[in-house]
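Enquirer: Can you read through this structure? Questions will come right after.
There are 2 protein chains.
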Amino acid sequence: MNTLSPKKQQMLEREERILAVARPIIVQDGYHGLSMERIAAEVEYSKGTIYNHFSCKEEIIIALAIQTANIRVELFKRAAQFKGSSRFRMVAIGYAAEKFVRDYPDFFLFEQILQIPSVRSKVSEKRQNVVDNCEVQCMTVVTGIVRDAIAAEDLELPPGFSPEKLVFGMWALTSGGFTIASSSESLRHIGLENPFDLISDHTATLLDGFGWSPLSTDYDKQATIQRICEEVFGDE
Amino acid sequence: MNTLSPKKQQMLEREERILAVARPIIVQDGYHGLSMERIAAEVEYSKGTIYNHFSCKEEIIIALAIQTANIRVELFKRAAQFKGSSRFRMVAIGYAAEKFVRDYPDFFLFEQILQIPSVRSKVSEKRQNVVDNCEVQCMTVVTGIVRDAIAAEDLELPPGFSPEKLVFGMWALTSGGFTIASSSESLRHIGLENPFDLISDHTATLLDGFGWSPLSTDYDKQATIQRICEEVFGDE
DNA sequence: TGAATTTTCTGACGTCGCGTCAATAATTAG
DNA sequence: CTAATTATTGACGCGACGTCAGAAAATTCA
């Protein structure tokens, strides 16, 4: 079942090596610093061989994004399993999102690059679907928690307001927040530090706005996060 | 005072022409479709002359962004002057933001491109400051409304929670929302249409979460927006 | 084992876009 | 009207892209 033909095995290994070489290049020197020639030189294969694996550098970038996107899915799934009320599980998701951004800041760079239409149009539909699917998986996990909350009567959504809509808001707030935090200088102009805490405060307020109990005023956030760290992610 | 030397005048005019030519190119063919050669050909000047105005294509993109960013500042300033309670003025801002995205969708493309570090590093600090400053101006306008709300006792923020922090949340939510709406396919996967209404609902809920009165449950949103359209933007 | 065949790898090649700069044309000053 | 200054041009060198004919390696078969 997991036995691949040694041929394919070797192929995959080399693919990993190419990605491993490409990652620091793009992290350090950005989109324009990454070139097929440079990868070929560093990985010590010819350009043609690299092209056998990836048809352009954008394809490499999305492959890097996929590696990391899978990790996020895992983090979200783990967070969703936190033993506690729906609202606390939501806090766990927030923590997972934050942890992900902290641990894999590169991902945001890849995502930004891949958002550009003229970049996106160069990558295979297959890989695009994989990233999209990762995002959908994450959102599905969160939607599940929203449904659980409704079932448990921790939350009542306005008529016609689907769980997906709530998740959209959370997603917009967090991804927008992380994007601003990671890129915009306007933040410091305005005297804000600690964007992560801020985002977490805002998601809490938004959920309060929906009346998702227990409200953020009724539980000890610090203690909850403490528990999440220990029980879900095994951090101290 | 507004008399520029005819030299400079002519210079400016040509700059406008270059930008006017570049805009549709990048809108249609994206970042990679835009090249100095192509601009030169279409504007019927030589490449060298184009380079006299803009030192690279990224510089042209940011110039395009600046044109549009100024419009947003104007929209926000106008919205802030809506005669009504602080909460309604906030709704007006939301409407302005939405109107801006509707009327100038290109701006998001430019912003996305300019967010990429390796692109950003190619543009002059001067122009970067101009865009940053536009963003800061917008946020300052909004912050002013928050302060007014506090002064009028429509809103009480938690201790240590500055108006700027609230604005950050609004900004994250709307810009994140618009970004997802404009790019991600995940939306339709999940069955969401009308992202604009959704964003507006979420901002309302977030403000409700802060207890900014009148709460969204206590006023007629449709009617308010109607008034805003007429009184602030003169739309029917 | 060794020749034949298939597969994989290679780097030179044509192309394109960038940014420069010496030469040329236009403008202004004297 | 000429000299000096300023503006414009496009050819040039460079680097990256993506391709492909041929070299090298691996595999098959007698």
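If you read the sequences in order, they're chains A and B. Taking our numbering, the leading residue of the first sequence gets 1, the next gets one more, and so forth. Taking our numbering, the leading residue of the second sequence gets 1001, the next gets one more, and so forth. C-beta atoms are modelled at their ideal positions from N, C-alpha and C, and glycine is treated no differently. All values derive from a computational prediction rather than experimental measurement.
Do three or more CB pairs link the stretch 223-235 of chain A to the stretch 74-83 of chain A at distances below 8 Å?
Expert: yes
Enquirer: Taking the beta carbon of Y31(A) as the centre, do at least 16 other beta carbons fall within 10 Å, making it buried, or is it exposed?
Expert: Label assigned to Y31(A): buried.
Enquirer: So what's P1163(B) in DSSP terms, helix, strand or just coil?
Expert: helix
Enquirer: Flag this pair as touching only if the stretch 1034-1049 of chain B and the stretch 1165-1174 of chain B have three or more C-beta atom pairs under 8 Å; answer yes or no.
Expert: no
Enquirer: Quick one: is S118(A) near chain B, going by C-beta distance under 8 Å?
Expert: yes
Enquirer: Does the beta-carbon of L1012(B) have 16 or more other beta-carbons within 10 angstroms, so that it is buried, or is it exposed?
Expert: Taking every protein chain shown into account, the CB of L1012(B) has fewer than 16 other CB atoms within 10 angstroms, so this residue is exposed.
Enquirer: Could you check whether the Cβ of H1053(B) sits closer than 8 Å to any Cβ belonging to chain A?
Expert: For H1053(B), the answer is no, since every Cβ of chain A falls outside 8 Å of its Cβ.
Enquirer: Can at least three beta-carbon pairs, one atom from the stretch 201-211 of chain A and one from the stretch 156-170 of chain A, be found at a separation below 8 Å?
Expert: yes
Enquirer: Residues in the same chain with beta-carbon distance under 8 Å from D197(A), minus the five sequence neighbours each way, listed in chain order, please.
Expert: none
Enquirer: Hey, which unbroken runs of the alpha helix (DSSP H) at 4 residues or more fall wholly within the stretch 1003-1082 of chain B?
Expert: 1006-1033, 1036-1043, 1047-1053, 1057-1080
Enquirer: What residues from chain A crowd round S1175(B), counting only those whose CB sits closer than 8 Å?
Expert: G176, T179, I180
Enquirer: Any Cβ of chain A within less than 8 Å of the Cβ of L1192(B)?
Expert: yes
Enquirer: What are the complete alpha helix (DSSP H) segments, minimum 4 residues, inside the stretch 183-226 of chain A?
Expert: 186-189, 195-209
Enquirer: Closer than 7 Å by beta-carbon distance: list the chain B residues that pair up with I113(A), in chain order.
Expert: I1116
Enquirer: Please report the distance separating the alpha-carbon of Y104(A) from that of E59(A).
Expert: Straight-line Cα distance between these residues: approximately 19 Å.
Enquirer: Within 10 Å of its beta-carbon, does R1023(B) have 16 or more other beta-carbons around it, so buried, or fewer, so exposed?
Expert: buried
Enquirer: So what's E98(A) in DSSP terms, helix, strand or just coil?
Expert: helix
Enquirer: Between T1068(B) and F1107(B), which are expected to be in contact by the criterion C-beta below 8 Å, what is the C-beta distance as a whole number of angstroms?
Expert: 4 Å
Enquirer: Can you tell me the Cα-Cα spacing of F1088(B) and P1158(B), whole angstroms?
Expert: 21 Å
Enquirer: Assuming I228(A) contacts F82(A) under a Cβ cut-off of 8 Å, what Cβ separation, rounded to an integer in Å, is found between them?
Expert: At roughly 6 Å, the Cβ-Cβ gap stays under 8 Å, so I228(A) and F82(A) are in contact.
Enquirer: Express the C-alpha separation of Y1095(B) and L19(A) in angstroms, rounding to a whole number.
Expert: Per the coordinates, the alpha-carbon of L19(A) lies some 44 Å from the alpha-carbon of Y1095(B).
Enquirer: Could one say the Cβ of W212(A) lies closer than 8 Å to chain B's Cβ atoms, at least one of them?
Expert: no
Enquirer: What separation, rounded to the nearest whole angstrom, lies between the Cα atoms of K99(A) and F1100(B)?
Expert: 34 Å
Enquirer: V1142(B) to S55(A), Cα distance in whole Å?
Expert: The alpha-carbon of V1142(B) is positioned some 47 Å away from that of S55(A).
Enquirer: Tell me which residues of the stretch 28-40 of chain A have at least one Cβ-Cβ distance to chain B shorter than 8 Å, keeping chain order.
Expert: Cβ contacts with chain B: D29, G30, Y31, H32, G33.
Enquirer: Tell me the residue span of the alpha helix (DSSP H) that contains A152(A).
Expert: Here A152(A) belongs to no alpha helix (DSSP H), and DSSP marks it neither H nor E.
Enquirer: Taking the alpha carbon of I1066(B) as the point to measure from, which residue in T1224(B), V1123(B), Q1028(B) has its own alpha carbon closest?
Expert: Considering only T1224(B), V1123(B), Q1028(B), the residue with the shortest C-alpha distance to I1066(B) is V1123(B).
Enquirer: In whole angstroms, what is the alpha-carbon distance linking D1220(B) and E1193(B)?
Expert: Computed Cα separation, rounded: 22 Å.
Enquirer: Between T1179(B), V1091(B), N1070(B), which lies nearest to P117(A) when the distance is taken from Cα to Cα?
Expert: T1179(B)
Enquirer: Against chain B, does E16(A) count as a neighbour if the rule is that its beta carbon must be under 8 Å from one of theirs?
Expert: no
Enquirer: Is there a C-beta anywhere in chain B that falls below 8 Å from the one on Y205(A)?
Expert: Per the sequence presented here, residue 205(A) reads as Thr, with Tyr not at that position. By this cut-off, T205(A) is an interface position.
Enquirer: Residues of chain A with a CB under 8 Å from the CB of K1165(B): which are they?
Expert: L192, L198, D201
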